[in-house]
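K.L.:
In our numbering, the protein residues as written are 16 to 236. C-beta: ideal position from N, C-alpha, C; glycine also.
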Amino acid sequence: MIPTPDLSHLRKADYERIYEPAEDTFILLDALEQDAESLRASAPRVCLEIGSGSGCVSTFLGALLGSSGALYLCTDINPHAARCTRLTGSQNKISLDPLIGSLAAPLRHRLTRAVDVLIFNPPYVPTEEDEAAGAQVDAGITGAWAGGARGMLVTDALLEQVETLLSPHGRFYLVAVRQNDIPAIEARMRDRHGLDSAVVLQRRAGGEHLFILRIARRPPV
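What follows is the structure, encoded as structure tokens:
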């Protein structure tokens, strides 16, 4: 079992500015660990986490893959999150490369068909559209959870980029809740982008029903 990364360097003041790892984070870690054997076998070279927050997830992935020589890229709109991500990597002896920016924007063209492991724990809580849009502009902690109508404002934008980003053997891990309409996400990725989707883990946490979707290219016939 891979231990949860050491986050003892982060303080209460940090969690007032970034998202503190919670049940949605931990189910994502469990899904990655569940796929550990196949992830290692695929020998990822480029890993990209969107919205890295504390850096917990990318640090865990780095520990899971071991000395693979992979590049761990992390983006976040929140400058404090980028700083915390770098510190978490250092605290756990995992080299992370955080960048400040929305989704894959800082590297999108350089990463065309190049991302082997793509990870996103998005702002999935349904809110008013104006609140979610404003949160993205403000680039603060509210941007980590305010998701707009159906909680899909930011996720919708990334789903349109996934097919372009994934390498031939790439896989995308997405955190979602029931209100996000999981069947609609699966149908969209299949019918519009030709990608296969599967719910690999689900769990109830308080009032939320959390899902981890794994999205990947269809194997050649």
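Should Glu64 be labelled buried (16 or more other beta-carbon atoms within 10 Å of its own) or exposed?
P.N.:
Per the 10 Å Cβ criterion, buried.
K.L.:
Going residue by residue through the region 17-94, where are the continuous beta strand (DSSP E) segments of at least 3 residues, counting only ones entirely within it?
P.N.:
Segments of the beta strand (DSSP E) lying fully in the region 17-94: 61-65 and 86-91.
K.L.:
Can Ser212 and Arg205 be called in contact, C-beta distance under 8 Å?
P.N.:
Yes, they are a contact pair.
K.L.:
Take the Cβ of Asp153 as the centre, count every other Cβ of all protein chains shown within 10 Å, and call the residue buried at 16 or more, exposed below.
P.N.:
With fewer than 16 other Cβ atoms within 10 Å, it is exposed.
K.L.:
Helix, strand or coil for His184? Go by DSSP, reduced to three states.
P.N.:
Strand.
K.L.:
If we call anything under 8 Å between Cβ atoms a contact, is Leu225 one with Val192?
P.N.:
Result yes, Cβ atoms of Leu225 and Val192 sit closer than 8 Å.
K.L.:
Using the C-alpha atoms, what's the distance from Leu114 back to Gly155?
P.N.:
If you take the alpha carbons of Gly155 and Leu114, they lie about 15 Å apart.
K.L.:
Secondary structure at Ile200, three-state DSSP: helix, strand or coil?
P.N.:
Looking at Ile200 - three-state DSSP - the assignment turns out to be helix.
K.L.:
Quick one: using the 10 Å Cβ neighbour count with 16 as the cut-off for buried, is Trp91 buried or exposed?
P.N.:
The sequence as given places Asp at residue 91; Trp does not occur at that position. The residue in question, Asp91, is buried, as its Cβ has 16 or more Cβ neighbours within 10 Å.
K.L.:
Can you list, in chain order, the residues of its chain whose CB lies under 8 Å from that of Arg203, leaving out five sequence neighbours each side?
P.N.:
Result list for Arg203: Leu174, in chain order.
K.L.:
If Val132 and Gly166 are in contact, beta carbons under 8 Å, what's the gap, nearest whole angstrom?
P.N.:
Not confirmed; about 23 Å, so no contact.
K.L.:
Apply the 10 Å Cβ neighbour rule to Ser73 and answer buried if 16 or more other Cβ atoms are within range, or exposed otherwise.
P.N.:
So Ser73 counts as buried.
K.L.:
In terms of residues, what are the limits of the beta strand (DSSP E) holding Gln217?
P.N.:
Segment Leu210 to Ala220, the beta strand (DSSP E) holding Gln217.
K.L.:
Would you mind listing the alpha helix (DSSP H) stretches within the region 99-178 that are 4+ residues and don't spill past its ends, in chain order?
P.N.:
List check, alpha helix (DSSP H) in window: 144-153 and 168-174.
K.L.:
Quick check: Ala148 and Gly68, are their CB atoms within less than 8 Å of each other?
P.N.:
In this structure, Gly68 does not lie closer than 8 Å to Ala148 by Cβ.
K.L.:
Using a Cβ-Cβ cutoff of less than 7 Å, which residues in the same chain neighbour Leu216 once the five nearest sequence positions on both sides are dropped?
P.N.:
Within the same chain, Leu216 has close Cβ partners Ile42, Asp45, Ala46, Gln49 and Ile227.
K.L.:
Arg229 bridges to which residues according to DSSP?
P.N.:
Tyr188 and Ala213.
K.L.:
Less than 8 Å separating the beta-carbons of Arg123 and Leu111?
P.N.:
Result no, Cβ atoms of Arg123 and Leu111 do not sit closer than 8 Å.
K.L.:
Find the nearest neighbour of Arg98 within the set Ala51, Phe75, Cys71 and Ala37, judged by alpha-carbon distance.
P.N.:
When only C-alpha atoms are compared, the closest one is Cys71.
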